[in-house]
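Visitor: Using this note's numbering, you'd call the opening residue of the sequence shown number 7 and step up by one each time. For every residue, glycine included, the Cβ atom is placed at its ideal position computed from N, Cα and C. The structure is given below, and queries will be raised subsequently.
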Amino acid sequence: MRRPSRARHASGADPMETPHYAELMVPVDPVLLVELDGRGSLQQQTYRALRAAILGGRLRPGDRLASTRDLARELGVARNTVLQAYDRLIAEGYAATRPASGTFVATTLPPPPRAAARRGRPAAIETAPRLSTFGQRTVETIPARYATWSLRREAVSYDFRYGEPAYGDLPLATWARLLGRRARRLSVRRLAYQPPGGAPELRAALAGYLARARGVVCTPEQILIVRGSQQAIDLTTRLLVDPGDPVVLEEPHYTGFSFCLRAAGADVAYVPVDEHGLRVEELDRVHAARLAFVTPSHQYPAGGVLSLPRRLALLGWAHARSAYVFEDDYDGEFRFEGHPLECLQALDRDGRVLYAGTASKIFFPALRIGWLVAPPALLGAFQSAHALADTGTPTLEQLAFADFIAGGHLERHVRRIRVRHAARRRALLDAVADELGERARVSGASAGLHVLLRLDGLSRRDVPRLRAACRERGVGVYPASPFYARPPAHAELLLGYGGLGERAIREGIRRLAQAIESLR
Numbered sequence: 007m008r009r010p011s012r013a014r015h016a017s018g019a020d021p022m023e024t025p026h027y028a029e030l031m032v033p034v035d036p037v038l039l040v041e042l043d044g045r046g047s048l049q050q051q052t053y054r055a056l057r058a059a060i061l062g063g064r065l066r067p068g069d070r071l072a073s074t075r076d077l078a079r080e081l082g083v084a085r086n087t088v089l090q091a092y093d094r095l096i097a098e099g100y101a102a103t104r105p106a107s108g109t110f111v112a113t114t115l116p117p118p119p120r121a122a123a124r125r126g127r128p129a130a131i132e133t134a135p136r137l138s139t140f141g142q143r144t145v146e147t148i149p150a151r152y153a154t155w156s157l158r159r160e161a162v163s164y165d166f167r168y169g170e171p172a173y174g175d176l177p178l179a180t181w182a183r184l185l186g187r188r189a190r191r192l193s194v195r196r197l198a199y200q201p202p203g204g205a206p207e208l209r210a211a212l213a214g215y216l217a218r219a220r221g222v223v224c225t226p227e228q229i230l231i232v233r234g235s236q237q238a239i240d241l242t243t244r245l246l247v248d249p250g251d252p253v254v255l256e257e258p259h260y261t262g263f264s265f266c267l268r269a270a271g272a273d274v275a276y277v278p279v280d281e282h283g284l285r286v287e288e289l290d291r292v293h294a295a296r297l298a299f300v301t302p303s304h305q306y307p308a309g310g311v312l313s314l315p316r317r318l319a320l321l322g323w324a325h326a327r328s329a330y331v332f333e334d335d336y337d338g339e340f341r342f343e344g345h346p347l348e349c350l351q352a353l354d355r356d357g358r359v360l361y362a363g364t365a366s367k368i369f370f371p372a373l374r375i376g377w378l379v380a381p382p383a384l385l386g387a388f389q390s391a392h393a394l395a396d397t398g399t400p401t402l403e404q405l406a407f408a409d410f411i412a413g414g415h416l417e418r419h420v421r422r423i424r425v426r427h428a429a430r431r432r433a434l435l436d437a438v439a440d441e442l443g444e445r446a447r448v449s450g451a452s453a454g455l456h457v458l459l460r461l462d463g464l465s466r467r468d469v470p471r472l473r474a475a476c477r478e479r480g481v482g483v484y485p486a487s488p489f490y491a492r493p494p495a496h497a498e499l500l501l502g503y504g505g506l507g508e509r510a511i512r513e514g515i516r517r518l519a520q521a522i523e524s525l526r
């Protein structure tokens, strides 16, 4: 088994983001995230975060740490807090100073805390559970708060939160009627364990919908019902990635991809994107890669749409390398400029594409219904892995959603909200032009429900202060930097507009402009 090597780029280690927390970038080489967990003093939090980065491999032996002044500024803490954390790391052997050079990760690290029990320390005082290699990588990669966040929302009136639909647009009366009808008619047979691949009714309905809406070519049997695109990503990683395997990932990228890949020990090769999506011509520099994760319909988070020539080139690369492409059809239903492009799976003639989608944006996230369309050669493997991981999504919701699709309700709903989202998008673009003018540049507006906003004259280090100034004015904005392995120096925000009305969008942007002015 090969040892996982360092992630490659275009850049270094990759970060995380949840809808409820902003991340703070630490200017080290490679760039990484230090995440304060809120437990104990700020000095203890800073020490724990740095030690976790060292033990997790995000900071490697010999890497230079940020200066205490820079790290304190990034985290918003006193410089003495960082000095004390560094002193403790040095005292425990995790770091060392070099005269006139700074502080570095020690070239030889002390054994992790869990090793103490193996040297004879009583099990009763062991401070950490003994985990598998995969388990250890998982907890070092994904902070606990990613799995434990609450429904608590930021108390702002104009929240540009991304990744969510407008809940007021949902046809909940229709949904309740279909759900109730299925509940009343549910047979005893449907109360037992069901096929883990999904209800046949839903798979058949989805096969028809995906063919009409996205051009997907598949049989109902090729569709696995999963609990969202994240489960599809996890299954794909488990089946196709061994530790040390090179895997292609967009830069910037959806962190749900990088979480799974880092936990699997993959050698992640970050390939940059532009306004036309993944720069496919750079794939030739990634030797031996047999898997790529892409978001061609609306690149997450930069927003580019993968052009047809690049789609064909990507499929050509997969064919030549005997590689697979995981297509997350993120925001595929929401295209506002140009002609809709067929999904990669529709263009695939060699069975190289794994197609994933979800009801989270076209309906609502709590439904927890997604789908994975597997090529015939991999179908058996995915069925086995899925059965092992999950005995299925709740049957009642599957059957009601099948009725929702078969009755034409989903397509009517998508058509209706596409019109509403187009109006919201127009309001956002007009407000940015009116309030920010030449000080801001918008990208990714041709599709999807968010845009990437670059703020000229501000740096990434100004973003925490800008967010605080926005909060004081009742506005929630979110940094784009957590989605980069190596974030740019300039300030970028990710603004979602799907959950706001047009008037609220205009007022929120006006207040954002005021917050920007307050920093100048």
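1. Counting pairs of beta carbons, one from the stretch 457-465 and one from the stretch 48-68, are three or more of them closer than 8 Å?
2. Identify the continuous alpha helix (DSSP H) that holds L472 and give its terminal residues.
3. Can you tell me whether R526 is buried or exposed? The criterion is at least 16 other CB atoms within 10 Å of its CB, across all chains shown.
4. Given that a residue counts as buried once 16 or more other Cβ atoms are within 10 Å of its Cβ, and exposed if not, what is F489?
5. Thinking just about the alpha-carbon of each residue, which of V300, V448, Y484, A495 is nearest to the one in Y260?
6. Could you check whether E170 and P371 sit closer than 8 Å to each other, using their CB atoms as the reference points?
7. Give me the Cα-Cα distance between L500 and T401, rounded to the nearest whole angstrom.
8. Please report the residue range of the beta strand (DSSP E) in which P371 lies.
9. May I have the straight-line CA-CA distance separating A97 from Q51, to the nearest angstrom?
10. For S313, collect the residues of the same chain with a Cβ closer than 7 Å to its Cβ; drop the 5 residues on either side in sequence, then sort them by chain order.
11. Helix or strand or just coil, what does DSSP make of E348?
12. Would you decide whether E287 is buried or exposed? Buried here means 16 or more other CB atoms lie within 10 Å of its CB.
13. Which residues in the same chain have their Cβ closer than 6 Å to the Cβ of A406, if we skip the five residues on either side of it in sequence?
14. With E513 as the anchor, note down where its alpha helix (DSSP H) starts and where it stops.
15. What does E256 pair with, by DSSP beta-bridge criteria?
16. Rounded to whole angstroms, what's the CA-CA distance from D354 to A486? Just pull it up for me.
17. Return the CA-CA distance between L77 and N86, expressed in angstroms with no decimal places.
18. Going by CA-CA distance only, name the one from G108, V145, T74 that's closest to A59.
19. Can you tell me whether R421 is helix, strand or coil according to DSSP?
20. Considering only residues of the same chain and omitting the five flanking positions on each side of A130, which have a CB-CB separation below 8 Å?
21. With H, G and I counted as helix, E and B as strand and the rest as coil, what does DSSP make of P315?
Guide: Let me spell this out:
1. no
2. 469-478
3. exposed
4. buried
5. V300
6. yes
7. 36 Å
8. No beta strand (DSSP E) holds P371; DSSP gives it neither H nor E.
9. 17 Å
10. H282, G283
11. coil
12. exposed
13. L184, L185, R188
14. 508-525
15. V277
16. 32 Å
17. 11 Å
18. V145
19. helix
20. For A130, the predicted model reports a pLDDT of 44, less than 50, meaning its position is unreliable; a value from the coordinates is still stated below. Correct list: empty, nothing qualifies.
21. helix
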